[in-house]
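Here's the structure we're looking at; comments come further down.
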């Protein structure tokens, strides 16, 4: 039996590109791919800003300096971040109401950021079906979350969907949210 050798050098994705290279690749031209990459960038930004007390707008500009992306990716990621910032209280309330057997403080920052992106997409942009938002969140959880994160994320988002907490922005305004 031979021993496996450890790879040395820079980490590479299975397509041979360095980590993050796909985020500015020509493949990001398709709407689906651009949105997936934008969700990933929004998650990365939300996770990073959770540990600072910086204002999010200048931090977002600095983020793009470090992590450049195509215009379509950047535009959708910024719309997610801005929307989450605008509706953070309503989003967090929906998440907190759907968490079973956990306290909000026990949920990791990565998982919380994934949930915020998904709940925002489930509630506000009219062109994102809830099922798509849930599936995309599960994929982010597989890539960035803890081992049990995909199942946890799926359960929370499914409860939000089934509880009818997906109200339109107009209803939010009428309800004073």
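Numbering (the numbering used here), first residue to last: 98 to 274. Cβ coordinates follow ideal geometry from the N, Cα and C atoms, glycine included.
What number of angstroms, rounded off, separates the C-alpha of residue 146 from the C-alpha of residue 156? 8 Å
Hey, how far is the Cα of residue 151 from the Cα of residue 160?
12 Å
Requested in this report: Could you pull out every residue in the same chain whose Cβ sits closer than 8 Å to the Cβ of residue 311, ignoring the five residues on either side in sequence?
Outcome: The structure shown has nothing for residue 311, since the chain only spans 98 to 274.
Alpha carbon to alpha carbon, what distance is there between residue 208 and residue 248?
11 Å
Next item on the list: Determine, using beta carbons only, whether residue 212 comes closer than 8 Å to chain B.
Entry: No chain B is present in this structure, which holds just one protein chain.
task: Quick one: grab the DSSP three-state call for residue 220.
output: helix
Next item on the list: Could you name the residues of the same chain whose beta carbon sits closer than 8 Å to that of residue 213, not counting the 5 residues immediately before and after it, in chain order?
Entry: 143, 181, 185, 188, 189, 192
- Message: Once DSSP output is grouped into helix, strand and coil, what is the label at residue 135?
- Response: helix
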